[in-house]
Amino acid sequence: MRNESFFYKVYDVVSEIPYGKVTSYGAIANFLGTKRSARMVGWALNQTKTQLESIPAHRVVNRNGMLTGKQHFGANDLMRQLLESEGAIIVNDKIINFDEMFWDPARELSFEPK
DNA sequence: GGTGTGACCAGCT
DNA sequence: AAGCTGGCCACAC
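My numbering puts the first residue of the first sequence at 10, with every later residue one more than the last.
Here's what the structure looks like:
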């Protein structure tokens, strides 16, 4: 049984995102089994700021590769600068090379949630 | 325990 | 083709 809530799973997955890689909310939701709970993933990330551990939430963007959650990082360009420092090419708050930076948890991670 | 929310996604107009 | 609306699920108050 998983005492950890859905949020905690999200934290684990996001924490496993390797450097220079990004993923989408829907991919995480799909990996966790609740494909239609993509909104929950974003909400979970919103709570990461309250978490003691630092979670690379900047590596999570929407399906289009757009930095929809940058406004939640406090500084407007913080998320963009973090991603750019990892090799992402961002124009208009959108990752141009999102396709080559995309990291699918369902494909990269082996453990499957229950 | 019910209501509201949320950094999305897919479908409809 | 592009924009918008609704639905969705799990958590916080």
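Here a beta-carbon is modelled for each residue, glycine too, at the ideal position from N, C-alpha and C.
For residue i: DSSP bridge partner residues
| i | result |
| --- | --- |
| residue 107 | Note: residue 107 sits in no beta bridge, so no partner. |
| residue 33 | 70 |
| residue 75 | 103 |
Neighbourhood of residue i by C-beta distance below 8 Å, restricted to the same chain and skipping five residues each side
| i | result |
| --- | --- |
| residue 15 | 41, 43, 46, 49 and 53 |
| residue 93 | 99 |
| residue 38 | 44, 45, 46, 47, 49 and 50 |
Straight-line gap, residue i to residue j (C-alpha atoms, nearest Å)
| i | j | result |
| --- | --- | --- |
| residue 57 | residue 25 | 14 Å |
| residue 33 | residue 72 | 5 Å |
| residue 51 | residue 69 | 9 Å |
| residue 100 | residue 62 | 30 Å |
| residue 85 | residue 91 | 11 Å |
| residue 59 | residue 83 | 13 Å |
| residue 79 | residue 27 | 20 Å |
Residues of its chain near residue i, where Cβ-Cβ distance is below 6 Å and the 5 sequence neighbours each way are ignored
| i | result |
| --- | --- |
| residue 105 | 98 |
| residue 115 | 40 |
| residue 20 | 64 |
Cut-off 7 Å between Cβ atoms - residues of its own chain near residue i, not counting five sequence neighbours on either side
| i | result |
| --- | --- |
| residue 108 | none |
| residue 55 | 81 |
Presumed contact (8 Å Cβ cut-off) between residue i and residue j, rounded CB distance
| i | j | result |
| --- | --- | --- |
| residue 113 | residue 66 | At roughly 18 Å, the Cβ-Cβ gap does not stay under 8 Å, so residue 113 and residue 66 are not in contact. |
| residue 96 | residue 29 | 5 Å |
Beta-carbon proximity of residue i to residue j, cut-off 7 Å
| i | j | result |
| --- | --- | --- |
| residue 31 | residue 110 | yes |
| residue 76 | residue 102 | yes |
| residue 23 | residue 64 | yes |
Any non-hydrogen atom of the ligand ATP within 6 Å of residue i CB
| i | result |
| --- | --- |
| residue 27 | No copy of the ligand ATP appears in this structure; indeed no ligand is present at all. |
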